[in-house]
Structure formats: C-alpha cells, structure tokens
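Under this note's numbering, the very last position in the sequence shown is 433; numbers go up by exactly one each time. The C-beta atom is built at its ideal place from N, Cα and C for all residues, glycine as well. Okay, so here's the structure we're looking at.
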Amino acid sequence: MHNTIIYLIGHYGVGKLTIANRITAATGARLFDNHLANNVIFSLIREDGGSKIPDAAWDLIMTIRRQALTAMAEIAAAQASFVLTNALMEGDPLDRPAYDEVVATAERRGSTFVPVFLSASDAAHAERIPSADREARLKMTDAAGAELVRRSRPLLAVEHANRLDLDTTDLPAEDAAQRVIAHAAARALSRSV
Numbered sequence: 241m242h243n244t245i246i247y248l249i250g251h252y253g254v255g256k257l258t259i260a261n262r263i264t265a266a267t268g269a270r271l272f273d274n275h276l277a278n279n280v281i282f283s284l285i286r287e288d289g290g291s292k293i294p295d296a297a298w299d300l301i302m303t304i305r306r307q308a309l310t311a312m313a314e315i316a317a318a319q320a321s322f323v324l325t326n327a328l329m330e331g332d333p334l335d336r337p338a339y340d341e342v343v344a345t346a347e348r349r350g351s352t353f354v355p356v357f358l359s360a361s362d363a364a365h366a367e368r369i370p371s372a373d374r375e376a377r378l379k380m381t382d383a384a385g386a387e388l389v390r391r392s393r394p395l396l397a398v399e400h401a402n403r404l405d406l407d408t409t410d411l412p413a414e415d416a417a418q419r420v421i422a423h424a425a426a427r428a429l430s431r432s433v
C-alpha cells in the first residue's frame, strides 16, 4: 500500500481497532487509533468508559488529533500510508469536522482516501462492549449505553466514491482487513490510471 489513508468508522465495539491492527500488520501502514488522542486526556480525567465525558475534554482531544493530522500531512514520508479509526455520528458537532479534516489531510498529501464503514449485529455489539480489553484501553464498556447510542445516533452520512461498507458480525478480523486492503488497492489503482 502506497500513500493511502484508510478511515475505519463505526459504532463502539464494531472491531475498528482489531481490523486496523490487522491492516497495519499486513501492509506496514501506520495506525492512528482515535484512542491515541482520546486517552491522553481520558487518563488524566480518569475516564471510566461509562460516565459522560466533559465537553471541555473533547476540545483538547480535537487539538491533539489536529496536530497528528498536521504531522501526517507535513512531516510523514510521502509514500507512508495510514489507518485511522473513529466512531463518527450524525448530530455530534465535532464529528463532521473530524471527518472533513481527515479528508483534507488526504488531499494535502495527495493520498488515496478510503472511508470504511463497519457495522455489526446487536448481539455482536452486546458481546464485544463489556470486555476487560476495552476497559483497559479506556473505551466504552457500558453495553446498554452503547446500544442507546447506536439506536439513537446513526453514523455520519458520507458519500464518497471510495467508500466501503462491511458487516463484521460474522466476518473474522483478518478477512475484514484483507477486504479493506484489496478495496484500497483497487481504488488507488483506479486513481493512478
């Protein structure tokens, strides 16, 4: 993979980080998981994965994300590829700008941009959310709260020629990663033709 930005988007517990890790292991792409930025702040305010996060924390997190995107656009090697993860939802005032800033970063780099929307069944979400691994990573662990978010806040509405939608309910992470890699490669090839 060469100069590609893959953006894995999905609700809590859909498998974004697991799939991202498989993609980076297979391609050498660099990972910018949303919790790299979030946990700088979450660890300081003792975020527990279930309580409401103070609004002021999100402004600080967005500053960290913007700095990371600046590093990707201005400092990282031109051939480098990246995999980003996030739960971006309609109605959140920070989510559309977060998406648009990643698109702008891809444009600044001249990268192939591939938004990937991940989904899973209610049962899969319920099983994945309350895990010790998620708790250790300061992620949402309240299954009922996550279900409420999923039902009341749809993922960000995005139209993009390179968009890929994957249901991870019964799709092993390795297979999902390979589908994303193949799709990204095809999109990069069509861009270069």
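Report task. State buried or exposed for Ser392, treating a residue as buried only when at least 16 other CB atoms are found within 10 Å of its CB. Result -> With fewer than 16 other Cβ atoms within 10 Å, it is exposed.
Report task. In the DSSP assignment, find the unbroken beta strand (DSSP E) run with Pro355 in it and report its ends. Result -> Under the DSSP assignment, Pro355 falls in the beta strand (DSSP E) whose first and last residues are 352-359.
Query raised in the report: Using 8 angstroms as the Cβ pair cut-off and three pairs as the minimum, do the stretch 343-357 and the stretch 391-408 touch?
Result: Between the stretch 343-357 and the stretch 391-408, the count of C-beta pairs closer than 8 angstroms reaches three or more; the two stretches touch.
Report task. Could you tell me which of Ala428, Leu404, Tyr247 sits nearest to Ala338, measuring between CA atoms? Result -> Shortest Cα-Cα distance from Ala338 to any of Ala428, Leu404, Tyr247 involves Tyr247.
Query raised in the report: If you drop the 5 nearest sequence neighbours on each side, which residues of the same chain put their C-beta closer than 7 angstroms to that of Ile263?
Result: Hits under 7 angstroms: Ile246, Ala269, Val323, Ala417, Val420, Ile421.
Query - Close-in-space but distant-in-sequence residues of the same chain around Asp407 (CB under 6 angstroms, 5 per side omitted) - result: Excluding its 5 nearest sequence neighbours in each direction, Asp407 has C-beta neighbours in its own chain below 6 angstroms: Ser359, listed in chain order.
Report task. Please report how far the alpha carbon of Ala366 lies from the alpha carbon of Asn274, in whole angstroms. Result -> Taking the straight line from one Cα to the other gives about 21 angstroms.
Query - CB-CB length for Ile281 against Ala413, believed under 8 angstroms - result: With a Cβ gap of about 27 angstroms, Ile281 and Ala413 do not count as contacting.
Requested in this report: Check Arg419 in the structure and name its three-state DSSP category.
Outcome: In this structure, DSSP gives Arg419 a helical state, which the three-state scheme calls helix.
Query - Cβ shell of Thr325 (< 7 angstroms), same chain only, five flanking positions each side left out - result: If we look at Thr325 and ignore the five residues flanking it on each side, its Cβ neighbours are Leu248, Lys256, Leu257, Ala260, Asp273, Asn274.
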